[in-house]
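Q: Residue numbers (my numbering): 1 to 336. Here a beta-carbon is modelled for each residue, glycine too, at the ideal position from N, C-alpha and C. Sending over a structure as structure tokens; questions will come in a sec.
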Ligand code: ADE
Ligand code: ZN
């Protein structure tokens, strides 16, 4: 590949694993803190960035929830989502499926309506201004109990047409998917799609539970599934997409070095791997930087990169006509 950075930048892409609260850049965090009279325990943006050194998922989550404290009003959620969507569109992301964590806000006294109205208005403006398509996935926080997830789903149903599915995130270890079986069953009965973080820090059995008990259509991360040959074979056979986030894995010490990232092994095992940014403001890059990081570390070819981009559209919750349009645009790009 003559110039991988250029090739990746121009590639039409989907992003399927991005937490909107994890796209809160330090500059916007400070601006919102000032606008809302919230005090942050850092003197400035540089000091905050210095704190972004994580030994594991929980270290990150502690700062992620603290960062959210500046989000209070509808306009804050609008500004947050609009900033992400502007950057995503500039990186040639043509379709984004965005996670949001309503309990991270309702638990602090911010109304669900405030969150969803701000995000929704940004989605519609971004679709019009940037030509990107966007869908929302409501995530349940797994460190909270299932009753709280059920109440969140109840409340969300007033805006049923604004989100396409449910997900499961936050502290994985000690919070197996089995804890959320009933709320996922109800969500599925309501026609919602289902995804779950599994196998990021948790064992392969959590991936199995997400498939068998939550009946998810995609696994978010899934790295540790590779420790189990039978499970890996099943993921390949059933073509269950994995939304992999390399820079996140590096920053959260899920991998010790990008050269050790399991992406190549995932591709060799015929898994439907997609590349995503997870929490780009905290992990040092948006989707293109994730593509670049693995391309370099694993010496991926142009064909490898094309497969990853193609998988992103295949794994999206889009109808087959929309998927085909994206795949055709990707093929046209690859012919240039
Ligand atoms: N919430 C935001 N980012 C997350 C991640 N990588 N894993 C689990 N929960 C999260
Ligand atoms: Zn995530």
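Give the straight-line distance between the Cα atoms of residue 165 and residue 230, rounded to the nearest whole angstrom.
A: In the chain shown, the residue the question calls residue 165 occupies position 165. In the chain shown, the residue the question calls residue 230 occupies position 230. Going by the C-alpha atoms only, they are around 28 Å apart.
Q: Can you check whether the C-beta of residue 236 is within less than 8 Å of a C-beta belonging to chain D?
A: In the structure shown, chain D cannot be found, because there is only a single protein chain.
Q: What residues sit near the ligand ADE, counting only those whose C-beta is closer than 6 Å to one of its heavy atoms, in chain order?
A: Qualifying residues, in the order they occur: 19, 22, 57, 64, 169, 170, 197, 200, 248, 278 and 279.
Q: Who are the Cβ neighbours of residue 122 in its own chain at under 6 Å, not counting the five residues just before and after it?
A: In the chain shown, residue 122 corresponds to position 122, counting from 1. Answer for residue 122: 78, 81 and 82, listed in chain order.
Q: Straight-line CA distance for residue 285 to residue 21?
A: Translated into positions along the chain shown, residue 285 becomes position 285. Translated into positions along the chain shown, residue 21 becomes position 21. Answer to the nearest angstrom: the Cα atoms are 15 Å apart.
Q: Does at least one heavy atom of the ligand ZN sit under 7 Å from the Cβ of residue 62?
A: Here residue 62 corresponds to residue number 62 of the chain shown, with the count starting at 1. No - the ligand ZN has no heavy atom lying nearer than 7 Å to the Cβ of residue 62.
Q: Which runs of the beta strand (DSSP E), 3 residues or longer, sit entirely within the region 48 to 80?
A: Here no run is fully enclosed.
Q: Less than 8 Å between the CB atoms is what I'm expecting for residue 97 and residue 316, so what's the real figure, rounded?
A: As a first step, residue 97 is located in the chain shown; it is residue number 97 there, counting from the start. As a first step, residue 316 is located in the chain shown; it is residue number 316 there, counting from the start. Their Cβ separation, rounded to whole angstroms, is 6 Å, which keeps residue 97 and residue 316 in contact under 8 Å.
Q: Less than 8 Å separating the beta-carbons of residue 139 and residue 168?
A: Here residue 139 refers to the residue found at position 139 of the chain shown. Here residue 168 refers to the residue found at position 168 of the chain shown. Taking 8 Å as the Cβ cut-off, residue 139 and residue 168 qualify as a contacting pair.
Q: Figure out for me which residue from 154, 11 and 221 has the closest Cα to the Cα of residue 327.
A: As a working note, residue 327 is residue 327 in the chain shown. Considering only alpha carbons, the answer is 11.
Q: Distance check for residue 176 and residue 232, CA to CA, integer angstroms please.
A: For the purposes of this step, residue 232 is taken as residue 232 along the chain shown, with counting starting at 1. For the purposes of this step, residue 176 is taken as residue 176 along the chain shown, with counting starting at 1. Spanning the two alpha carbons is a distance of roughly 19 Å.
Q: What residues in its chain sit with their C-beta under 7 Å from that of residue 216, if we drop five residues either side in the sequence?
A: Start at 1 with the first residue of the chain shown, and residue 216 comes out as number 216. Here the set comprises 194, 195, 196 and 210.
Q: Quick one: what's got a C-beta closer than 8 Å to residue 156's C-beta in the same chain, skipping five residues either side?
A: Here residue 156 refers to the residue found at position 156 when the chain shown is read from its first residue. 102, 112, 116, 138 and 163, listed in sequence order.
Q: Mapping the DSSP letters down to three states, classify residue 217 as helix, strand or coil.
A: The residue you call residue 217 lines up with position 217 of the chain shown. Note: residue 217 maps to coil in three-state DSSP.
Q: Quick check: residue 276 and residue 16, are their CB atoms within less than 8 Å of each other?
A: Taking the first residue of the chain shown as position 1, residue 276 is located at position 276. Taking the first residue of the chain shown as position 1, residue 16 is located at position 16. Yes, the Cβ-Cβ distance between residue 276 and residue 16 is below 8 Å.
Q: Any contact of the region 52 to 62 with the region 250 to 270, i.e. 3+ C-beta pairs under 8 Å?
A: Contact holds: three or more Cβ-Cβ distances are below 8 Å.
Q: Checking 8 Å against the spacing of the C-beta atoms, do residue 245 and residue 261 come in under that value?
A: In the chain shown, residue 245 corresponds to position 245, counting from 1. In the chain shown, residue 261 corresponds to position 261, counting from 1. No. Outside cutoff.
Q: Taking 7 Å as the cut-off, does the CB of residue 257 come closer than this to any heavy atom belonging to the ligand ZN?
A: Taking the first residue of the chain shown as position 1, residue 257 is located at position 257. No, the ligand ZN has no heavy atom inside 7 Å of this Cβ.
Q: Which residue comes first and which comes last in the beta strand (DSSP E) that contains residue 16?
A: Locating residue 16 in the chain shown gives position 16, where the first residue counts as 1. Run containing residue 16: 13 to 19, per the beta strand (DSSP E) assignment.
Q: Can you check which of these residues, 161, 186 and 214, is closest to residue 198 by C-alpha distance?
A: The count along the chain shown starts at 1 and reaches residue 198 at position 198. Comparing Cα-Cα distances from residue 198 to each of 161, 186 and 214, the minimum goes to 214.
Q: Taking 7 Å as the limit between beta carbons, can you name the residues of its chain near residue 61, skipping five residues before and five after?
A: Your numbering for residue 61 matches position 61 in the chain shown. Closer than 7 Å at Cβ, skipping near neighbours: 170 and 171.
Q: Going by C-alpha to C-alpha distance, which of 298, 88 and 178 sits closest to residue 206?
A: Counting from one through the chain shown, the residue named residue 206 turns up at place 206. When only C-alpha atoms are compared, the closest one is 178.
Q: Quick one, are the C-beta atoms of residue 278 and residue 105 less than 8 Å apart?
A: For the purposes of this step, residue 278 is taken as the residue at position 278 of the chain shown. For the purposes of this step, residue 105 is taken as the residue at position 105 of the chain shown. No, Cβ-Cβ distance for residue 278 and residue 105 is not below 8 Å.
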